[in-house]
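Residue numbers (the numbering used here): 694 to 1028.
By construction, the Cβ of each residue, glycine as well, lies at the ideal position given by its N, Cα and C atoms.
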Ligand SMILES: [Zn+2]
C-alpha cells in the first residue's frame, strides 16, 4: 500500500506492506485524513517520535475485513477511531475510565503508525460508527472536536464564567469557539487572519481582535471586560509571545486553558499566575460521542474549515500549504 512515511527528517510516499490483520482486529480502508498541528510539529522536529513512522490520526474510513474473533457486523461500517490505542483496561487510569491516559497507551501517528496511508488495522473497541449525515471528510474533525469538548470536561464552568478569550483560530480554535458558544459563553476571538476572524463572526462571535492590527491586546480585552480581563483565556497557539498576553488578559482568579501541543518549551509568567490566583488548566483527547453528536446535529459546523483537499501522493504540498498563508485552516488528505 502507499503510505506517507516520516524518516526523522522529512515525509515521503513509500510502498509498504498492508498491516497484518490479527484475529482481534479489523482492516480499515482509509478514506480521509486531516493534518493536525501535532503532525506539523513532528515534521518540524519539535515533537520527537520513533521513526520510520506513518503520521496522521484525524481520519475516517470503511471497515473492509474483520479478524476471526471480531463481530462480523463491523464489516462495511463507516468509522472513525480514537487516537489512543493499546489500552490495557487495567492500569490506575483505566480503572477510573480515563483511557486517554492509560499507562500503556500508544497514540496513532505519534507512537505507532497512523492514518496517512491506504489501510490501517485497529481493535474495534477504538472505533465509532459514523452517522449517515457525516461525510468522511467532515469526520476528520471528530477527534479535534472531541478535544474541544474536553476543554469543558476538564474545566467545569462556574457562575462567574461568562467571557472566554480564545487565542488562535486554527481548526482547534474555531471548533473551541463553537463549543464555547454552545455553552452560552461570550467569546472574544483573537487571531492574525481576518479570514479566520470572519468565520468566527459567522458563528456568532461579537468581539473580534486582529492580533497584528491591535496595538495592545491586553487593553483591548480589558476594555471588553469591565477592566477585569476575561474569565477564561484559552490558548491554541503555543506561541511564547502570545502566552505572555494570555496571562495578562486573564482576570484575577480567572482560568487559563492551554490547548496547544507543539513540543517546544514555552516561558510563561508563573508569578503573575500565583499572585493573581489564576487556575491553569489543560486538556487534549476528549469524548468522541459528544463530538459526533455535535457534528451530526448541525450544532458544530465544519464546512468552512477545510481549506483544501489533497491526494495522499501530494501530502508534502499539503504540509507546505500551512506555511503559505495565515488564512489556511486545515488540509484533508483523501485516500
Ligand atoms: Zn490502562
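Could you say if the region 943-954 and the region 911-927 meet the contact criterion of at least three C-beta pairs nearer than 8 Å? Of all C-beta pairs linking the region 943-954 to the region 911-927, three or more are shorter than 8 Å, placing the two stretches in contact.
N-terminal and C-terminal residue of the beta strand (DSSP E) that residue 742 is part of: Careful: residue 742 lies outside any beta strand (DSSP E) and carries neither H nor E.
Start and end residues, beta strand (DSSP E) containing residue 925: Where residue 925 is concerned, the enclosing beta strand (DSSP E) stretches over 923-928.
Please say whether residue 844 and residue 1040 have beta carbons closer to each other than 8 Å? Lying before the first or after the last residue shown, residue 1040 is absent from the chain, which here runs from 694 to 1028.
Does the Cβ of residue 785 have 16 or more other Cβ atoms within 10 Å, making it buried, or fewer, making it exposed? Around the beta carbon of residue 785, fewer than 16 other beta carbons lie within 10 angstroms, which makes this residue exposed.
Beta carbon nearer than 5 Å to a non-hydrogen atom of ligand 1: Sorted by chain position, residues whose beta-carbon lies closer than 5 Å to a non-hydrogen atom of ligand 1 are 781, 784, 787 and 795.
Contact check, residue 1035 vs residue 1002, beta carbons under 8 Å: Residue 1035 lies beyond the range of the chain shown here (694 to 1028); nothing can be said about it.
Quick check: the region 957-969 against the region 937-944, are there 3 or more CB pairs under 8 Å? Verdict: yes, contact present.
According to DSSP, what are the bridge partners of residue 747? Under DSSP, residue 747 takes part in a beta bridge, and its partners are 698.
Tell me, please, whether the region 857-870 touches the region 887-905 by the rule of three or more beta-carbon pairs shorter than 8 Å. Three or more Cβ pairs closer than 8 Å define a contact, and the region 857-870 meets that threshold against the region 887-905.
Report yes if the CB atom of residue 984 is closer than 8 Å to the CB atom of residue 809, and no otherwise. Taking a C-beta distance under 8 Å as the contact criterion, residue 984 and residue 809 do not qualify as a contact pair.
Can you tell me which residues form a DSSP beta bridge with residue 845? Residue 845 is not bridged by DSSP to any residue.
Quick check on the burial criterion: 16 or more other C-beta atoms within 10 angstroms. Buried or exposed for residue 979? Residue 979 should be labelled buried.
Looking at the unbroken alpha helix (DSSP H) that takes in residue 829, where does it start and where does it end? In this chain, the alpha helix (DSSP H) harbouring residue 829 covers 829-832.
Minimum length 3: unbroken beta strand (DSSP E) runs contained in the region 927-979: Correct list: 943-951 and 972-975.
Are the CB atoms of residue 930 and residue 860 nearer to each other than 8 Å? Their beta carbons are under 8 Å apart, which means residue 930 touches residue 860 by this criterion.
Quick one: what does DSSP say residue 868 is sitting in, helix, strand or coil? Here residue 868 sits in helix by DSSP.
C-alpha gap between residue 879 and residue 853, whole angstroms: Roughly 12 Å between the two C-alpha positions.
Using a Cβ-Cβ distance cut-off of 8 Å, determine whether residue 876 contacts chain C. Checking the listed chains, one finds no chain C in this structure; it contains a single protein chain.
Below 8 Å between beta carbons: does that hold for residue 911 and residue 932? No; because the gap between Cβ atoms is not below 8 Å, this pair is not in contact.
Can you tell me the Cα-Cα spacing of residue 835 and residue 864, whole angstroms? Each residue's Cα considered, the two are about 11 Å apart.
Chain-order list of residues whose beta-carbon lies under 7 Å from that of residue 760 (same chain, five-residue window excluded): Closer than 7 Å at Cβ, skipping near neighbours: 714, 715, 716, 717, 718 and 719.
With DSSP as the reference, please indicate the residues paired to residue 727 in a beta bridge. Its beta-bridge partners are 751 and 1025.
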